[in-house]
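Right, one structure below, let's go through it.
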Amino acid sequence: MEEVVEERAWRPRWWVFAVFAMVAAVHLAGGWDSTSAVGLSVGFAGTLVLAFVRRLPSWATGEEALRAPVRASRTRLIVALPLALLGVVAVLIGLIDHPPHGMDVLYVGFVAVLAVGLVVVLALRPASGPLSRSGQDRRLRLCTAVLGAAVGTGVALEVAVLVTVGGALPWVVLAPVLLVVGVTAVRRRRNAKAVRLLAAGAWTGITAATLPEEIDGSSVSGWAVFPDGLRARFGITGCPPDVLAGLLDRRRLWIAGEPRDGEVAVGLPDGDAFAVAWFAVKDRDHRRWARRASREDNGSDGKRVG
C-alpha cells in the first residue's frame with residue numbers, strides 16, 4: 077500500500093481569537109493610548125491570518141503532521157504560552173509603575189487567586205484514559221445540574237442586589253460566578269459530545285490497523301478502510317486496552333454509528349469502555365469515490381432502460 081500522508085479535517089483556529097482578546101484586554105486595561113490604534117489593528121490582522129489561513133508553518137500555529145497527532149496539542153500550548161505570558165508581563169509592569177494601595181492590594185490578591193485557581197482547574201485534568209459508557213449519562217446530568225445551579229445563583233444574586241441596592245452585582249462576586257459557569261460549561265460540552273457520539277447508531281465494525289511505532293501510551297493512530305472502500309487516517313486518545321488489542325490482533329475497530337469523517341466513538345459492542353476518535357479522509361479520495369459511485373449508478377440505470 078502506497079504511503080500517503082493524510083491531513084486531519086481542517087478547521088479555523090478559533091483559539092487564536094481567545095489569545096488576542098486576552099492580550100488586548102490586558103493592554104486596554106491601562107487605557108487607550110497612541111499605540112493602541114496601530115498595535116491592536118496589526119495584532120487583529122495577524123490574528124485573522126493565523127485563524128483562517130490553512131497552510132502556515134507549524135512553528136507559527138503549533139500544528140504538526142498527522143503522523144504525530146497526540147503531540148499537536150502540546151505544541152499548540154507551547155506556541156500560545158508565550159503570547160499569554162505577554163499579558164502577564166504587561167500586568168507586572170503596570171503593578172511596578174502604579175503599585176496598588178489600600179483596597180487595591182486586596183483586589184490584586186483576589187484576582188491572583190482567581191487566576192491561579194483557573195490555571196489549576198485547567199491543568200489538573202483527569203489523566204488521559206478510556207471513558208465509561210455506564211457513567212457518561214450520570215456525568216452529563218451532574219455537569220448540567222452544576223451549570224444550572226451556578227447560573228441560577230448568579231441571576232438570583234443580581235436580582236437581589238438590583239432590588240435591595242439598585243445597582244449591579246459587585247465584580248468581586250460576579251467574577252467567581254462567571255468562572256464557575258465557564259469551567260462547568262466547557263466540561264458539560266465535552267460530556268454532551270461523548271453522549272451524542274455514543275448515540276449515533278448501532279456499532280459498526282471496520283477494517284483498521286496500527287503499527288507499534290504509532291502507539292504513544294494510550295494514544296493510537298493508524299489507517300482504516302470504510303465499508304464503501306474509502307481509506308481514512310484515524311487517531312484515538314485514551315484508547316481502551318481491548319480496542320487496542322482488536323487493532324493489533326484482529327485488525328478490527330468498532331464505531332458507534334456509520335463510519336464517517338470527523339469525530340466518532342470507538343469501543344466494543346459488549347464493552348463498557350470507549351474513547352472519542354477522529355477520522356480524516358482526503359478530499360481526492362472523496363471525489364474518486366463519488367465518481368465511482370456515479371458511474372455505477374449510471375451503469376445500473378442503463379441496464380434497467382435496456
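Residue numbering for the sequence shown follows the numbering used here, starting at 77 and increasing by one per position.
Built from N, CA and C at the ideal position, the CB exists for glycine as well.
Source: prediction; values computed, not measured.
query, result
"Closer than 8 Å to chain C by CB, valine 319", "The structure shown contains no chain C; it holds only a single protein chain."
"Contact check, tryptophan 330 vs valine 340, beta carbons under 8 Å", "no"
"For glycine 333, the nearest candidate out of Trp247, Leu274, Val129 and Asn267 (CA to CA)", "Leu274"
"When Ala236, Arg328 and Leu323 are compared against proline 303, the one with the closest alpha-carbon", "Arg328"
"Straight-line gap, alanine 254 to valine 237 (C-alpha atoms, nearest Å)", "According to the sequence provided, residue 254 is leucine. The question's alanine does not apply to it. Cα-Cα distance, rounded: 17 Å."
"Extent of the continuous alpha helix (DSSP H) to which arginine 209 belongs", "209-240"
"Beta-carbon contacts of aspartate 348 that lie in its chain and below 8 Å, excluding the five residues immediately before and after", "Ser208, Arg209 and Ser210"
"Closest residue to lysine 358 among Val301, Val256, Leu323 and Leu320 (Cα-Cα distance)", "Val301"
"Straight-line Cα distance separating valine 231 from threonine 280", "45 Å"
"Euclidean distance between Cα positions of glycine 178 and glycine 122", "40 Å"
"DSSP bridge partner residues for tryptophan 295 (one or two, in chain order)", "Residue 295 is actually serine in this sequence, not tryptophan. Looking at the DSSP assignment, serine 295 forms a beta bridge with Asp292."
"With 16 other Cβ atoms within 10 Å as the buried cut-off, status of proline 175", "exposed"
"Environment of arginine 87 [buried if 16+ CB atoms lie within 10 Å]", "exposed"
"Host alpha helix (DSSP H) of alanine 251 (start-end)", "247-274"
"Neighbour-count burial assignment, leucine 345, 16 or more Cβ in a 10 Å radius", "Looking at the sequence itself, residue 345 is proline, so the reference to leucine does not match. Label assigned to proline 345: exposed."
"Range covered by the alpha helix (DSSP H) that runs through glutamate 329", "It should be pointed out that residue 329 corresponds to leucine in this sequence rather than to glutamate. Careful: leucine 329 lies outside any alpha helix (DSSP H), inside the beta strand (DSSP E) at 328-332."
"Cut-off 7 Å between Cβ atoms - residues of its own chain near glycine 243, not counting five sequence neighbours on either side", "Val237"
"Spatial neighbours of alanine 226 in its chain, beta-carbon cut-off 8 Å, leaving aside the 5 residues before and after", "Val253, Val256, Val257 and Thr260"
"Strand pairing of threonine 283, partner residues [DSSP]", "Val301 and Arg328"
"Alpha helix (DSSP H) segment containing alanine 244, residue limits", "Careful: alanine 244 lies outside any alpha helix (DSSP H) and carries neither H nor E."
"Where glycine 277 sits in the DSSP three-state scheme", "coil"
"Rounded separation between aspartate 325 and aspartate 213 - CA only", "31 Å"
"Cα-Cα separation between glutamate 140 and phenylalanine 96, rounded to whole angstroms", "Low local confidence applies: a pLDDT of 48 at glutamate 140 is under 50, so the model's placement there is unreliable, with the coordinate-based value given in what follows. Their backbone Cα atoms lie some 22 Å apart in a straight line."
"As assigned by DSSP and simplified to three states, the class of tryptophan 90", "coil"
"Distance CB(leucine 233)-CB(valine 248) smaller than 8 Å", "no"
"Cross-strand partners of phenylalanine 310 (DSSP beta bridge)", "Gly298 and Phe355"
"Backbone secondary structure at valine 340 - three-state DSSP", "strand"
"Nearest to leucine 306 (by Cα), restricted to the options Ala251, Val296 and Ala284", "Ala284"
"Cβ shell of alanine 144 (< 6 Å), same chain only, five flanking positions each side left out", "Any reading at alanine 144 must be qualified, since the residue scores a pLDDT of 42, below 50, and its modelled position is unreliable; no value is offered."
"Contact test: phenylalanine 93 Cβ vs the ligand NAP heavy atom, cutoff 7 Å", "As presented, the structure is devoid of all ligands, the ligand NAP included, so that no description of it is given."
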